[in-house]
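Numbering follows the working numbering, in which position 149 of the sequence shown is assigned residue number 251; successive positions increment by one, without gaps. Single-structure report; data block below.
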Amino acid sequence: FFVNTLALRLDLSSEPTVGELLKRTKAQVLSAQAHQDLPFDQVVERVKPPRSTAHPPLFQVMFDWHNTPARALTMPGLTVSVASTETTTSQYDLVLSMQERNGDIVGHLNYATALFDEQTARRYARYWRRLLEGMTAGSANVSVARLPLLDEAEREQVVHEWNATERAYPIRQCIHQLFEAQAARTPNAIAIGDERVTYAALNASANRLARHLRALGVVADTRVAVCIERGAPMVIALLAIWKAGGAYVPLDPAYPRERIAYMLRDSAPIAVLTSRASRDLVASHLPDRAPLVVIDAAACPWDALSGDDLDPNDIELNATHLCYVIYTSGSTGQPKGVMIEHRNLVNYTLDAIRWFGLGPGETVLQQNSLNFDLSLEEIVPALSSGAALAPAVELFGAGGSARGHSARPTMIHLTAAHWQQLVGEWHRAGARPAAALEGVRLVNVTGDALSPHKLEQWDAIRPAHTRLINTYGPTEITISCSAAYVRHAPGMSRVSIGRPFANSRMYLLDARGEPVPVGVTGELYIGGDGVARGYLNRPELSAERFVDDPFRPGSRMYKTGDLACRRGDGEIEFVGRNDFQVKVRGFRVELSEVETRLAAVDGVQEIAVLAREDAPGEKRLVAYYTGAAEMAALRECAARDLPAYMMPAAYVCLPALPLTPNGKLDRNALPPPAHDADSNRGYEAPQGDIEETLARIWEQLLERERVGRHDNFFDLGGHSLLTVSLIERMRQADLHADVAALFTTSTLAELAACTTKLKEILL
Numbered sequence: 103f104f105v106n107t108l109a110l111r112l113d114l115s116s117e118p119t120v121g122e123l124l125k126r127t128k129a130q131v132l133s134a135q136a137h138q139d140l141p142f143d144q145v146v147e148r149v150k151p152p153r154s155t156a157h158p159p160l161f162q163v164m165f166d167w168h169n170t171p172a173r174a175l176t177m178p179g180l181t182v183s184v185a186s187t188e189t190t191t192s193q194y195d196l197v198l199s200m201q202e203r204n205g206d207i208v209g210h211l212n213y214a215t216a217l218f219d220e221q222t223a224r225r226y227a228r229y230w231r232r233l234l235e236g237m238t239a240g241s242a243n244v245s246v247a248r249l250p251l252l253d254e255a256e257r258e259q260v261v262h263e264w265n266a267t268e269r270a271y272p273i274r275q276c277i278h279q280l281f282e283a284q285a286a287r288t289p290n291a292i293a294i295g296d297e298r299v300t301y302a303a304l305n306a307s308a309n310r311l312a313r314h315l316r317a318l319g320v321v322a323d324t325r326v327a328v329c330i331e332r333g334a335p336m337v338i339a340l341l342a343i344w345k346a347g348g349a350y351v352p353l354d355p356a357y358p359r360e361r362i363a364y365m366l367r368d369s370a371p372i373a374v375l376t377s378r379a380s381r382d383l384v385a386s387h388l389p390d391r392a393p394l395v396v397i398d399a400a401a402c403p404w405d406a407l408s409g410d411d412l413d414p415n416d417i418e419l420n421a422t423h424l425c426y427v428i429y430t431s432g433s434t435g436q437p438k439g440v441m442i443e444h445r446n447l448v449n450y451t452l453d454a455i456r457w458f459g460l461g462p463g464e465t466v467l468q469q470n471s472l473n474f475d476l477s478l479e480e481i482v483p484a485l486s487s488g489a490a491l492a493p494a495v496e497l498f499g500a501g502g503s504a505r506g507h508s509a510r511p512t513m514i515h516l517t518a519a520h521w522q523q524l525v526g527e528w529h530r531a532g533a534r535p536a537a538a539l540e541g542v543r544l545v546n547v548t549g550d551a552l553s554p555h556k557l558e559q560w561d562a563i564r565p566a567h568t569r570l571i572n573t574y575g576p577t578e579i580t581i582s583c584s585a586a587y588v589r590h591a592p593g594m595s596r597v598s599i600g601r602p603f604a605n606s607r608m609y610l611l612d613a614r615g616e617p618v619p620v621g622v623t624g625e626l627y628i629g630g631d632g633v634a635r636g637y638l639n640r641p642e643l644s645a646e647r648f649v650d651d652p653f654r655p656g657s658r659m660y661k662t663g664d665l666a667c668r669r670g671d672g673e674i675e676f677v678g679r680n681d682f683q684v685k686v687r688g689f690r691v692e693l694s695e696v697e698t699r700l701a702a703v704d705g706v707q708e709i710a711v712l713a714r715e716d717a718p719g720e721k722r723l724v725a726y727y728t729g730a731a732e733m734a735a736l737r738e739c740a741a742r743d744l745p746a747y748m749m750p751a752a753y754v755c756l757p758a759l760p761l762t763p764n765g766k767l768d769r770n771a772l773p774p775p776a777h778d779a780d781s782n783r784g785y786e787a788p789q790g791d792i793e794e795t796l797a798r799i800w801e802q803l804l805e806r807e808r809v810g811r812h813d814n815f816f817d818l819g820g821h822s823l824l825t826v827s828l829i830e831r832m833r834q835a836d837l838h839a840d841v842a843a844l845f846t847t848s849t850l851a852e853l854a855a856c857t858t859k860l861k862e863i864l865l
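Next up, the structure:
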């Protein structure tokens, strides 16, 4: 109680050597001791650090050095000895107490049980001791950053033991052969539920179209673009392309024309498959001599062709040939195509079937865009295991029930943003989603980090029969590479992304490529049979991101840019990104691509785009800019050049962008958008009961002080996932509107004109 506390700022910048660090630390200690008579409480009072109930101010780790010699205390008439007492509380997160005794240095580590368990504290103590041993065993010129923390046993565990995922699979098979084998086993089973398409019929239709594609010049490693809505024609198109030897390139009909045009130019497809509904969208952007094939026409030229399976040997196709090319956001302002081979998808599919427990009698909801590889997570494992697909018109119909027409799904795949939106809506309404999840035994959530708070809400309301699995994986490693069945636990700060899939390896490495210890954040590198071939037409970028695996000679691994750490049980927790790439509604977004597009608008001097989560679970893009550009021009540019998920929800004009002391953009200083930052229309009050009710719903959903009749739902920060909540709240207010009206109308007044009171419908 009579010893003053000194706060020390230790400098580990520029990777100092052992000798340099000791000199810096000595100087800091002597400088602090020169002012040791100043009470620590007064230091805190003068500095005024931000206060938090979660931790003490200024520092959370204390080093307590006892340098008072232990002498026997003698008092007349008394025998005095030192009594050891057990400490049951910790004043700080970690307190390391050391003293010299009989020529040795001994001590103990106190830890806050709210933050650490005993296993973690013991592990930290071992790392610290190993660090000291490394500092004293070698030269003082060795960089501190290169001192080992892991011993051989720990290194073996994190590199090899937790990556022992080898599992045999048919490495020479192509992905459509898994489907063909299933069609042979269960030819009369339903493959696509709402249209009652059997496996045999689906296989025969795909074979006929495949023969037509062969006649058009499709061979191994050629590409075929696909711009088709969900349903049987889309599935037939994918299977036919694979059977013909080609690789499909998905084009989302909702994408801007310029983006579709770029993807067609870059991928140079042999042919383009489309529907009558999307024909005009792609017709004007066709590459030279590429035929346009409409596959849902009343009479198709391939209907008379044979429906028998094609022999892969006849078309010289093997598992190392290209299977698909999916475009993801790129930092250059243009998307980049990820090339996945058949062997990649076969390996993933067989382990996904095991993880998901798929087989005959199961029905998987098909409701994700083909341009998102989550769509393959729905389609391929289902059709390779005897399950049925249920293409969804909308995920949740009236009353909030999951539906895909007549078939009721047993498994649903959702992005993390969509799942969190649904959970929040159910929790807000105080309802258990029994009707919505009737018959659903498994929900797979992927695409972004899950909120522990939302997981707690989910566990409180989910039906007992419905489990939640959290899967992780960038597009470059074939859909997913790890999974964990998850439930909320007290004190949970992150939700596990689990362990590697079969034949996948997940390494957490530091900046020098060395494995990091358990509990330490590192960059995630992924190796194994899911690693993609590379990026189409981007050899330099491919060489930068797909690197040699130093722990498995002859293999490659993908540098994800994701930060993660391992738990003591070997499972992995996602921490964040080490760059400016983010996930929005499950889609990967390079913020620099959005910035590049918007920077081209006349009058924009500087621009920065940030992904903000001002409300838990509500991640949205906000664009900050300087200059005389009109906000309407920025919106017009985004709507024309960017997919919906990449469009900023708000725009903020600033006199200047904030900078750090070294002149770099200070993203942390960018302010949250004001409620009216993204509305430049004059306010006009809602008119009539329906407009007033809709305005109140929008104000609650979008956290607006007021909404006028000429305001646009999407301009105010709404997006496709929020429409789920909008539909449900309208239903609770006895209002009904067709789902399509939410996207085709521009303003509150226009939506109100398409909205009917449920009571009027009943009448």
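Beta carbons are placed, not taken as given, at the ideal position from N, Cα and C, and that holds for glycine. In this text the structure is predicted, and so the values were computed from the model without any measurement.
Helix, strand or coil: how does DSSP classify residue i here?
{"i": "arginine 690", "result": "strand"}
{"i": "histidine 423", "result": "coil"}
{"i": "valine 120", "result": "helix"}
{"i": "isoleucine 372", "result": "coil"}
{"i": "asparagine 309", "result": "helix"}
{"i": "tyrosine 429", "result": "strand"}
Would you tell me roughly how many angstroms separate the C-alpha atoms of residue i and residue j, rounded to the nearest one?
{"i": "tryptophan 264", "j": "isoleucine 674", "result": "10 Å"}
{"i": "glycine 205", "j": "glycine 593", "result": "42 Å"}
{"i": "proline 641", "j": "lysine 438", "result": "11 Å"}
{"i": "asparagine 305", "j": "methionine 748", "result": "37 Å"}
{"i": "leucine 712", "j": "valine 724", "result": "5 Å"}
{"i": "histidine 137", "j": "valine 146", "result": "14 Å"}
{"i": "tyrosine 357", "j": "leucine 744", "result": "7 Å"}
{"i": "glutamine 559", "j": "proline 535", "result": "12 Å"}
{"i": "glutamate 496", "j": "glycine 526", "result": "Only weak support is given to the placement of glutamate 496: the predicted model assigns it a pLDDT of 48, under 50, and the question is left unresolved by the model."}
{"i": "glutamate 625", "j": "isoleucine 829", "result": "40 Å"}
{"i": "asparagine 415", "j": "arginine 310", "result": "18 Å"}
{"i": "glycine 121", "j": "leucine 180", "result": "49 Å"}
{"i": "glutamate 715", "j": "arginine 596", "result": "16 Å"}
{"i": "alanine 666", "j": "glutamate 480", "result": "27 Å"}
{"i": "proline 118", "j": "alanine 247", "result": "8 Å"}
{"i": "threonine 127", "j": "serine 644", "result": "43 Å"}
Among the options, which has the Cα closest to the Cα of residue i?
{"i": "alanine 730", "options": "Ala751, Gln707, Val711 and Tyr747", "result": "Gln707"}
{"i": "proline 483", "options": "Leu280, Ala758 and Arg126", "result": "Leu280"}
{"i": "alanine 701", "options": "Thr434, Ala839, Ala855 and Arg690", "result": "Thr434"}
{"i": "alanine 787", "options": "Pro565, Thr849 and Asp768", "result": "Thr849"}
{"i": "leucine 419", "options": "Lys345, Trp404, Leu353 and Val328", "result": "Lys345"}
{"i": "alanine 835", "options": "Leu353, Leu796 and Cys276", "result": "Leu796"}
{"i": "aspartate 354", "options": "Phe474, Leu611 and Ser133", "result": "Phe474"}
Does the beta-carbon distance from residue i to residue j come in below 9 Å?
{"i": "arginine 737", "j": "aspartate 813", "result": "no"}
{"i": "glycine 801", "j": "glutamate 793", "result": "It is worth fixing the name first, because residue 801 is glutamate in this sequence and not glycine. Contact flag unset, no."}
{"i": "alanine 216", "j": "leucine 196", "result": "no"}
{"i": "leucine 366", "j": "proline 393", "result": "no"}
{"i": "phenylalanine 603", "j": "tryptophan 404", "result": "no"}
{"i": "glycine 819", "j": "arginine 742", "result": "no"}
{"i": "glycine 621", "j": "glycine 670", "result": "yes"}
{"i": "asparagine 470", "j": "histidine 515", "result": "yes"}
{"i": "asparagine 572", "j": "alanine 585", "result": "yes"}
{"i": "alanine 342", "j": "histidine 314", "result": "yes"}
Is it buried or exposed for residue i, if we count other Cβ within 10 angstroms and need 16 for buried?
{"i": "isoleucine 581", "result": "buried"}
{"i": "glutamine 468", "result": "buried"}
{"i": "asparagine 446", "result": "buried"}
{"i": "leucine 112", "result": "exposed"}
{"i": "aspartate 453", "result": "buried"}
{"i": "serine 486", "result": "buried"}
{"i": "proline 335", "result": "buried"}
{"i": "threonine 517", "result": "buried"}
{"i": "lysine 685", "result": "buried"}
{"i": "glycine 575", "result": "buried"}
{"i": "leucine 864", "result": "Its pLDDT being 41, under 50, leucine 864 is placed unreliably by the model, and the measurement read from it follows with that caveat. Exposed, because fewer than 16 other Cβ atoms sit within 10 Å of the Cβ of leucine 864."}
{"i": "methionine 441", "result": "buried"}
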